[in-house]
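So the sequences go chain by chain: A and B. Start counting the first sequence at 1; every next residue gets the next number (our numbering). Start counting the second sequence at 1; every next residue gets the next number (our numbering). Glycine included, every Cβ here is placed at the ideal spot set by N, Cα and C. First the structure, in the form of structure tokens, and then the observations on it.
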Amino acid sequence: MAKRTFNGGIHPYDGKDLSKDKPIKAVLPKGDLVYPLSQHIGAPAKPIVEKGDKVLTGQKIAEAGGFVSAPIYATVSGTVKAIEPRRVVTGDSVMSIVIENDGLYEEVEYPKRKPLEEMTKEEIIECVKEAGIVGMGGAGFPTFIKLSPKEPEKIDYVIANCAECEPYLTSDYRRMLEEPEKLVGGLKVSLKLFDNARGILAVEDNKPDCIEILKNLVKDEPRISVKELKTKYPQGAERQIVYATTGRAINSSMLPADAGCVVNNVDTVVAIYHAVIEGKPLMNRIVTVTGDAIADPRNFIVRIGTNYHELIEEAGGFKQEPVKVVSGGPMMGFALFGLDVPTTKTASALLCLTEDEVSQMEPSACINCGRCVEVCPGRVVPKLLAVAAANGDEETFLAHDGMECCECGCCSFICPAKRHLTQNIKSMRKILLAKKKK
Amino acid sequence: MNDLMKVSSNPHVRSKSTTASIMLTVVIALLPAAGFGIYNFGPKALLLILVTVASTVFTEFAFEKICKRKITIGDYSAVVTGLLLALNLPVSAPWWIGVVGGVFAILVVKMLFGGLGQNFMNPALGARCFLLISFTSIMTNFDCDAYTGATPLANLKSGEAVNILDMVIGRTAGTIGETSMIAIVVGACILILFGIIDLRIPGTYIVTLAIFVSIFGAHGMNWPYISAHLSGGGLMLGAFFMATDYVTRPITKRGQYLFGALLGILTGIFRIFGPSAEGVSYAIIIGNLLVPLIEKITLPKAFGKGGEKA
């Protein structure tokens, strides 16, 4: 029997109580919408509209720019105002399509789909590809590629990653509570591609209500089951969730498919449902707007391209000036310079904190306590890697399996000397990955 | 809204535990042993403890002041060193032994090698061994108001009978903090409960020593003999408080088992085949020196490369 968890990991303050009981609310954007052409891993999308063009909600405005790429759709009706570089959450300037919202939300006519039973595998994959679906848990890898491995008959498990192990995030939780049938529907669509696979809804056991609802929904589905996982960060990391649900371990140079698994996040699975069953491209996602600086923390269904300022406004604004604003969760999210950035396909949360623990705590000497080794889900020795990284010692870094680090942040979190372990390792990994690409 | 928000790479949250909170817990965990030492040996023990701690803390402060470095006495690591050193002194030692030992521990063993985290051997033990070699007669004189004569392990070695109950409670001659197994184990439980240490090193150490003395001790599986070995000679203090010193023990899990086993064997060799009745201090110091080698051969395997189960 496979394990329900992995070795290592941490239990940070989870902050989910702030927003977990707030139903999902739709946000109608007022201002301009910005669509960065790079919201995914791979080649940037290519614009197919020009400045001054009229567009409708659901109209394709950029097509895939290569095999590993994804198209982008307008999420409001209006006029293309500009195609110019805009600031994104990572701090980079990325070429983006800017659309002036006309406030009418006129929609295109979505294509009518055949019933799922009559669709071929190729048609399903084509729908997912055309809809511009990418991994919405944060990685942004084009989903159709995940769904078309070399040997689909060797896939044993299609895993819906419902762990939501990042602190503060409740977007997947609300989705499971409010639209569980779409999640199960999306999983059924995915299962149609893999004849020998079983579907698994992998949920952390801090969400017993979701587990119950999902179990009820799949009780007559012979191919789908719900798996309860231990609540622990980073339970939802791809390699960890594959191990916890199936007992199969993959390293950084392998894909889940090498272990007979396909893993997709909750919102991604729902997007698959929308694309294949309803014919709708990826246009919105759920974002948790939360943190102790927010007046009314809650979960929103947000049209991609919506400015973060508008999300803060919808959540009642700030009750206290934030010191740090993070796009995503506190463990793996991006700290923002400013709020003038758009919601992208991979933005799961907007976390506004009145205190920045990182700058308050000064790093001191490593006392070799071994806590980083204890918690590292990659089972490497962060302390040694961080020293090698700081010294620019690539050889030692590689010899100690530095590339197996998934940058989850456990080591930095746990370090009593408050050393920037993850940060050091991350920089070195970036350098080495860039070298490898050359 | 503030235009200049704090920006840093992930993660953006930190755990509550700090170096200072860990060291303070160790200090608290040492208090039962210190308290029993004062009760057992009288107020002179308290004086020696205070002098030694003052010496280690002041040495660190003075060194950093002179070198214009950041003052780090607030992390309590010097207090831990001073307290451990004092608990390893006989109560009959004059006050200046505490001062000299404290200066040696901090200045020579710790600061000259780069300060906290850089020392290659446990400062308190380094200083104890320095004192043992330099002032042998003072350091091995266990005569005091309460007890005269040899430590239980010395008696055991010369073939005399020992009272195990007295050894467990601590009513014997010895250094200030090493005599009471009960007090030390209470402290060890505090450390384990607060997640400061685990049983990997102390457990392997104690079990290995027990096996070693039962094979080579010429008494076979004689429980009183084995128990005397385990409760005497600073083994408990060494196993729970000094062998587990973060800086000078291996960071890898498998390395910690190896380290514990090595200490058990070395202690056994010193106690049974060596001229002295004791051997914990030297065993741990030699173990400390081997840590880089142990770490090198026990690096863990990464997740997905066979290390996921460990």
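Residue i classed as buried or exposed, judged by whether at least 16 other C-beta atoms fall within 10 angstroms
i: Y173 (chain A); result: buried
i: Y168 (chain A); result: buried
i: S412 (chain A); result: buried
i: G37 (chain B); result: buried
i: Q240 (chain A); result: buried
i: R69 (chain B); result: exposed
i: C376 (chain A); result: buried
i: H12 (chain B); result: buried
i: A2 (chain A); result: Confidence is the limiting factor: at A2 (chain A) the pLDDT is only 48, short of 50, which leaves the residue's position unreliable, though a coordinate-based value still follows. Its Cβ having fewer than 16 others within 10 Å, A2 (chain A) is exposed.
i: G307 (chain B); result: buried
i: G378 (chain A); result: buried
i: C189 (chain B); result: exposed
i: N196 (chain A); result: exposed
i: A277 (chain B); result: buried
i: K110 (chain B); result: buried
i: S180 (chain B); result: buried
i: G78 (chain A); result: buried
i: M1 (chain B); result: Confidence in M1 (chain B) is poor, its pLDDT being 49 and thus under 50, which makes the residue's placement unreliable; the coordinate value appears in the next sentence. By the neighbour-count rule (16 or more Cβ atoms within 10 Å), M1 (chain B) is not buried but exposed.
i: N10 (chain B); result: buried
i: V67 (chain B); result: In the sequence under discussion, the amino acid at residue 67 (chain B) is Cys, which differs from the Val named in the question. Exposed is the call here.
Where residue i meets chain B, residues with beta-carbon distance less than 9 angstroms
i: K426 (chain A); result: S9, N10
i: Y446 (chain A); result: Nothing can be reported for residue 446 (chain A): it is not among the residues displayed for chain A, which extend from 1 to 438.
i: Q59 (chain A); result: The contacting residues do not exist; Q59 (chain A) stays about 34 angstroms from chain B at best.
Min CB distance residue i to chain C below 9 angstroms
i: L311 (chain A); result: In the displayed structure, chain C is absent; the protein chains listed are A and B.
Beta-bridge pairing of residue i - partner residues as DSSP gives them
i: A26 (chain A); result: A:I301
i: T175 (chain B); result: B:P90
i: N424 (chain A); result: Note: N424 (chain A) sits in no beta bridge, so no partner.
i: I294 (chain A); result: A:F318
i: N163 (chain B); result: Looking at the DSSP assignment, N163 (chain B) forms no beta bridge with any residue, so it has no partner.
i: G199 (chain A); result: A:V158, A:I224
i: R14 (chain B); result: BP columns for R14 (chain B) are empty, so no partner.
i: E362 (chain A); result: Answer is none; E362 (chain A) lacks a bridge partner.
i: F61 (chain B); result: Answer by DSSP bridge pairing: none, since F61 (chain B) is not bridged.
CA nearest to the CA of residue i, picked from the options
i: L229 (chain A); options: A:D267, A:I286, A:G279, A:A202; result: A:A202
i: L153 (chain B); options: B:K70, B:F194, B:F270, B:V247; result: B:F270
i: E221 (chain A); options: A:R175, A:V184, A:N368; result: A:V184
i: A388 (chain A); options: A:G378, A:R379, A:A399; result: A:A399
i: G42 (chain B); options: B:R171, B:R254, B:S276, B:P292; result: B:R171
i: A275 (chain A); options: A:E123, A:K51, A:L33; result: A:E123
i: V80 (chain A); options: A:I425, A:P47, A:G236; result: A:P47
i: T148 (chain B); options: B:I97, B:T136, B:I265, B:V91; result: B:V91
i: D166 (chain B); options: B:F240, B:S227, B:G255; result: B:S227
i: C516 (chain A); options: B:V103, B:I106, B:I286, B:D198; result: Residue 516 (chain A) cannot be examined here, being either before or after the span of chain A that is shown, 1 to 438.
i: D14 (chain A); options: A:E321, A:I431, A:I304, A:G291; result: A:G291
i: M254 (chain A); options: A:E404, A:K219, A:A315, A:S427; result: A:E404
i: E153 (chain A); options: A:L37, A:V262, A:Q423; result: A:V262
i: E151 (chain A); options: A:V381, A:A257, A:V134, A:N216; result: A:A257
i: I201 (chain B); options: B:L50, B:N119, B:R128, B:V291; result: B:V291
i: N222 (chain B); options: B:A150, B:L156, B:M23; result: B:L156
i: F130 (chain B); options: B:I106, B:M23, B:E160; result: B:I106
Chain-ordered neighbours of residue i on chain A, where CB pairs are closer than 9 angstroms
i: I251 (chain B); result: N368, C369, G370, C372, V373, V381, K383, L384
i: M242 (chain B); result: Going along chain A, no residue has its Cβ under 9 angstroms from M242 (chain B), so there is no contact; the nearest lies around 15 angstroms.
Any non-hydrogen atom of the ligand SAM within 8 angstroms of residue i CB
i: R223 (chain A); result: In the structure shown, the ligand SAM is absent, as is every other ligand, since no ligand is present at all.
Per-residue contacts from residue i into chain B (C-beta, under 8 angstroms)
i: P416 (chain A); result: S15, S17, T18, T19, S21, I22
i: A315 (chain A); result: None at all; the shortest Cβ gap to chain B is about 14 angstroms.
i: R303 (chain A); result: Ordered by position in chain B, no residue passes the 8 angstroms Cβ test against R303 (chain A), which lies about 23 angstroms from the chain.
Chain-ordered chain B contacts of residue i [CB-CB under 7 angstroms]
i: Q423 (chain A); result: S9
i: A365 (chain A); result: G115, L116, G117
Within chain A, partners of residue i - CB distance below 8 angstroms
i: N5 (chain B); result: According to the sequence displayed, residue 5 (chain B) carries Met and not Asn. In chain order: P322, V323, K324, V325, A335, L336, F337, G338.
i: D145 (chain B); result: Those within 8 angstroms of D145 (chain B) in chain A number zero; the least Cβ separation is about 39 angstroms.
i: Y246 (chain B); result: I367, N368, C369, G370
i: P300 (chain B); result: V373, R379, V380, V381
Inter-stretch contact at 8 angstroms, needing at least 3 Cβ pairs: the segment 93-105 of chain A / the segment 60-77 of chain A: yes
Segment contact flag, the segment 191-201 of chain A with the segment 221-241 of chain A, C-beta cutoff 8 angstroms, min 3 pairs: yes
Cβ contact (3+ pairs, closer than 8 angstroms) linking the segment 200-220 of chain B and the segment 67-86 of chain B: no
Three-pair Cβ contact test at 8 angstroms for the segment 90-110 of chain B versus the segment 53-60 of chain B: yes
The segment 415-425 of chain A in contact with the segment 11-28 of chain B per 3-pair CB rule at 8 angstroms: yes
Stretch-stretch touch, CB-based, cutoff 8 angstroms, three pairs: the segment 205-212 of chain A with the segment 144-160 of chain A: As far as the Cβ criterion goes, the segment 205-212 of chain A does not touch the segment 144-160 of chain A, which means the pair count is below three.
Touch test, the segment 299-319 of chain A against the segment 346-357 of chain A, Cβ-Cβ under 8 angstroms, three pairs minimum: yes
Inter-stretch contact (C-beta, 8 angstroms, three-pair minimum) for the segment 112-121 of chain B and the segment 275-295 of chain B: Touching, per the Cβ criterion.
Segment contact, 8 angstroms Cβ cut-off, at least three pairs: the segment 315-333 of chain A with the segment 29-49 of chain A: no
Sufficient close CB pairs (3 or more, under 8 angstroms) joining the segment 353-370 of chain A to the segment 324-333 of chain A: yes
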